[in-house]
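Below you'll find the structure, written out as structure tokens, and then a few comments.
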Amino acid sequence: MTEVDSTRLVYSGDGPDHGDMAVRARRSGVWFYAETVLRGMRAFALPILLYAVAQPVLYLVALGVGLGELVDRGTGPVGGVDYLVFVAPALLVSTVVMSVSAEMTFPVMSGFKWNRLYYGPVASPLEPSQIALGHFTAVMLRFLLQGLVFWLVMLAFGAAPAGWVQSVLVVPIGMLAAAAFGAPLQAYAATLDDGFQFSLIQRFVVMPMFLFSGTFFPLAAMPPYLHWIGWISPVWHGTELARWASYGADLSWGMTALHLTFLLGCTAVGIWFSVRTYTRRLRS
Amino acid sequence: MPGVISARGLRKTYGDVAAVDGIDFEVEAGESFGLLGPNGAGKSTTMRMIGGTLDRTGGELEVLGMDPGSERPQVRAHLGVVPQQDNLDEELRVRENLVMYGRYFGMSRSVLAAKADELLAFAQLEAKAREKVVNLSGGMKRRLTIARGLVNEPRILLLDEPTTGLDPQARHVLWDRLFRLKETGTTLVVTTHFMDEAEQLCDRLIVVDHGRIMAQGSPGQLIREHSTREVLELRFGSARNAAVVQQLKGVGERNEVLPDRILVYARDGEAALEEVAARGLHPVTSLVRRSSLEDVFLRLTGRSLID
Amino acid sequence: MSATTTGAARGTRRRGIPSLSSLSSGNLGSVLERNMRVIRNQNWVILVSGFFEPVLYLLAMGLGMGALVGSVTGPGGRPVEYAAYIAPALLATSAMNGAIYDSTWNVFFKLRLSKLYQSMLQTSLGPLDVALGEILMALFRGLLYALGFLGVIAVLGLVTSWWALLMVPAAVLIAFGFAALGMGVTSYLTTFQQMDLINFVLLPMFLFSATLYPIGVYPEWIQWLIMGMPLWHGVELMRQLSVGHFDGLTWVHSLYFVGMTVLGLALTTLRLRKLFLR
Ligand SMILES: Nc1ncnc2c1ncn2[C@@H]1O[C@H](COP(=O)(O)OP(=O)(O)OP(=O)(O)O)[C@@H](O)[C@H]1O
Ligand SMILES: [Mg+2]
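Read top to bottom, the protein sequences are chains X, P and D. Those letters in the first sequence? Residues 515 to 798, by the working numbering. Those letters in the second sequence? Residues 2 to 308, by the working numbering. Those letters in the third sequence? Residues 1249 to 1526, by the working numbering.
In structure tokens, the structure reads:
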């Protein structure tokens, strides 16, 4: 047995000052917790990276090129561009939103329930609100990477004709769409006691959002009684912005403002609710 | 010396249930203070209110002169917390758990690098530094949780049933180390179900049941006040105990029937045993021992400590 | 006492191929009963919701994409509406997805986390009973969904031949093949990260197996690659049945799944034996 010098473990007055600790945690606690989540993701680094690269390549080859061939033979160009160009920015937005629906469900659940990951840090100077925001921030950083990779793949396929200065905006737009869906989802997941609702969300919210939000065809190609799905879907609002960024699709200032307001609004409301639910739940 | 923790009329209710029902106590700097009580007594609830992770329903509570209900981060910065249920970060490795926990306190990586090694030694987990937490045994996780609670060099260490799940050797090592922490000035607040642990570790303790304080004092004091010097344990076989107790009236100061035995509280146990034999009763087994906290506990709560 | 028993045991081990009685107790019924109870206790919304996935795909792609694509060349060179072209493919895909989910994630949880199989194999049950019980359950669910989906496409007027009724048993066969193989593969996986890899196989298979467009757009060597994949056979089989067009390939597609089922069952049984009955 090693001898342990217990005087080095106790408060001696010349170690770190507890008042300072509280101040630092208040200032940067969100980042402290975000770092933990990112380190946790490291166990999944390989799948995450593979996904980030393989997903855009597969989707663009299959849907942009394969399905695109059928469309070109059918109606011809969609929205004035090749089908590949039309569908690429929408796929970027859709795939990050699908990823956020995984990141903000089971991991949140295991924070409160299975692994009780959140309960360690709440006993430190971190506040529940910082844990909520830290988790959210880490997930957004993951999408920064995923979005960048997707954008590079788009460039390689020649699927972003607007030039890279404008088309790189698809990355923050994708993150914003992910935030607009992820923040409310995080708040909702934080209220649950078991995970069975998640497969329902997957099937009745995420899936329809992927299919009916103007990803594969313009909203106008659907019967009007289905258009509302697009209007309440972060995917559609994000996709419209991303299409402007990647190939200069028509977008009025009014609509731009509307899309941005919707996405930012959903994000803000979601964050507000998750801070509230995290605070209540971690303190009861 | 001023109290580092003081509670007055502290209450916590969940709906109709009063988990903590108006308790008063004072913990002094550098002492080791125990909370003793059966399951559901309100010990963990009290600990979490002190730790600033649970809102109280009523009463006053001060930790180092601050209110853990409003100055939460400041209070928590001074505390080390070992919760009843381990909540290690299973997505991180053993050493990372210590480092990241220190990061939550805003400690620098260079300080933490050295700190983590010291704590691994403290927890006897040097060999497991790079292991995944899921691969640790139950007792190893417990030791890691305890080490993690020390990462910020806390003034006060809150230990909720610290030795549950530890093997006897690890318990003794831990007691020894906690004792040294106390010697060097750390205040300890401990809950436990184990009598020997309370006697070993606590300078002073309160016995709680149903959210109320039943008694308080040092272990010796409590035994003197609430029990006799010795106890005679008699076993007549489960079926006969209840019947026989009628015939034991007047032997010793007080009797207690448990499902498996009868306890006779007496100043002199051997004398009591002779008296039993004189009455023509022949127990299957008999034992004379010194009174312990367990007896105090039975007396106060009518329940065995570990139920 | 047991010179003879150990000798016999050593004998079987040396022979390598275990006898049927060491794999099955003939008490498959009890495993099925347990699984039916689980379904009954399960939230019915989850059961029903599995049915919606292919329907939503059909509505979106049929309605929306159909407007962009028009009609496509179907089996036997006849032109078909785009919705009618993808409907059988979606049924094949959903049979695959359902079977894979039941035989991978579901099995993984029971194998590694809940230790259900371990407790089952402590009784007189054999590994084949456990494996078949699990797989038949996946098929039962697959059957329900296939019936539902067939009803939906009939209502939408996308069914033109009575042969389309055969799509239901075909869906069960496809599910059987995927479930048997999926369970065998899952028995090798030990971590969640490895489980994620299953998606890496499924996603491209869905995207490239002639589900949403004919594979003729790709170079020949890619086409050959695709034609080696099970889902392509499932999709093509379904498509032929949907219009009642049969040729030699119909047999190839069907036998592919029969072979996959046999292989998968053998693998799963041997693996369960190895994992639990050493
Ligand atoms: N979140 C909660 N909601 C409702 N009731 C609770 C909650 N937490 C604790 N209680 C109740 O409060 C009472 C005290 O619980 P507490 O956990 O403080 O007991 P304890 O003394 O630590 O017991 P143990 O020895 O079993 O750890 C119990 O009756 C318990 O059921
Ligand atoms: Mg407790």
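Each residue gets a CB set at the ideal place from its N, CA and C atoms; glycine is no exception.
Would you kindly report the start and end of the unbroken alpha helix (DSSP H) that includes X:P621?
620-626
Comparing C-alpha positions only, which one of D:V1328, D:E1484, D:W1410, D:V1491 sits nearest to D:F1505?
D:E1484
To test your reading of the DSSP string, which unbroken alpha helix (DSSP H) runs of 4 or more residues are found completely within the region 129-162 of chain P?
139-149
Cutting at 6 Å between CB atoms, please list the residues of its own chain near P:L121, excluding the five before and the five after it.
Excluding sequence neighbours, P:L121 sits near E127, A130.
Just confirm the distance between the C-beta atoms of X:V607 and X:I687, as a whole number of angstroms; I'd bet it's less than 8 Å.
7 Å
Could you check which residue in X:A693, X:M668, X:A576, X:P675 has the C-alpha nearest to that of X:S788?
X:A693
Sheet register partners of X:A557 (DSSP bridge):
Answer is none; X:A557 lacks a bridge partner.
Out of X:W786, X:L552, X:V610, X:A704, state which residue places its alpha-carbon closest to the alpha-carbon of X:M623.
Answer by Cα proximity: X:A704.
Shorter than 8 Å from the beta carbon of D:L1511 to some beta carbon of chain X?
It does not; no Cβ of chain X falls within 8 Å.
Considering only residues of the same chain and omitting the five flanking positions on each side of D:M1313, which have a CB-CB separation below 7 Å?
Y1330
Would you grab the beta carbon distance between P:V135 and P:I157 for me? Rounded to a whole angstrom, and I think it's under 8 Å.
Actually they are not in contact, since the Cβ atoms of P:V135 and P:I157 sit about 30 Å apart, beyond 8 Å.
Counting pairs of Cβ atoms below 8 Å between the region 63-83 of chain P and the region 239-246 of chain P, do you hit three or more?
no
Hey, quick one: how far does the beta strand (DSSP E) through P:E27 stretch, first residue to last?
18-29
Of all the alpha helix (DSSP H) runs that stay within the bounds of the region 187-255 of chain P, which reach a length of 4 or more residues?
List check, alpha helix (DSSP H) in window: 196-202, 220-227, 242-245.
What in chain D is Cβ-close to X:T589, meaning under 8 Å?
Result: A1315, L1316, V1317, G1318.
Report yes if the C-beta distance between D:V1279 and D:D1377 is below 8 Å; otherwise report no.
yes
Going by beta-carbon coordinates alone, are P:R12 and P:R57 separated by less than 8 Å?
yes
Run through the DSSP bridge pairs and tell me what P:I263 is partnered with.
P:L235, P:V258
Assign P:L15 to one of three DSSP states: helix, strand, or coil.
According to the sequence displayed, residue 15 of chain P carries Tyr and not Leu. Three-state DSSP puts P:Y15 in a strand.
Taking the straight line between their C-alpha atoms, what separation do you get for P:V208 and P:Q217?
6 Å
X:H649 at chain P interface by Cβ criterion, 8 Å:
no
Could you compute how far the alpha carbon of P:I307 sits from the alpha carbon of P:R262?
Any reading at P:I307 must be qualified, since the residue scores a pLDDT of 39, below 50, and its modelled position is unreliable; no value is offered.
Presumed contact (8 Å Cβ cut-off) between P:H227 and P:V152, rounded CB distance
A Cβ-Cβ separation of about 39 Å leaves P:H227 out of contact with P:V152 under the 8 Å criterion.
Distance check for P:V18 and P:G43, CA to CA, integer angstroms please.
11 Å
Look up P:S45 in the DSSP assignment and say whether it is helix, strand or coil.
For P:S45, the secondary structure class from DSSP, reduced to helix, strand or coil, is helix.
Label X:F710 either buried or exposed according to how many other C-beta atoms from any shown protein chain fall within 10 Å of its C-beta, with 16 as the threshold for buried.
Flag for X:F710 reads exposed.
For P:R9, which beta-bridge partners are listed by DSSP?
P:E61
Specify, as a first and last residue, the run of the alpha helix (DSSP H) that X:T781 falls within.
767-796
Just the chain X side, please: which residues come within less than 7 Å of D:P1452 by C-beta, in chain order?
Near D:P1452 (Cβ distances below 7 Å), the residues of chain X are L572.
Judging by CA-CA distance, which residue of D:T1509, D:G1496, D:A1335 is the nearest neighbour of D:V1303?
D:A1335
Determine, using beta carbons only, whether P:F237 and P:V285 come nearer to each other than 8 Å.
yes
Sequence-distant residues of the same chain with beta carbon closer than 6 Å to D:S1337, five excluded per side:
The sequence as given places Ala at residue 1337 of chain D; Ser does not occur at that position. T1459, V1483.
Presumed contact (8 Å Cβ cut-off) between P:A273 and P:V258, rounded CB distance:
The Cβ separation is near 16 Å, so there is no contact.
Sheet register partners of D:T1509 (DSSP bridge):
DSSP, once it has assigned bridges, lists no residue as partnering D:T1509.
For X:V571, tell me which candidate among X:M668, X:G590, X:L777, X:P698 has the shortest Cα-Cα distance.
Checking every option, the nearest Cα to that of X:V571 belongs to X:M668.
Tell me the DSSP bridge mates of D:P1242?
Since the first and last residues shown for chain D are 1249 and 1526, residue 1242 of chain D lies out of range.
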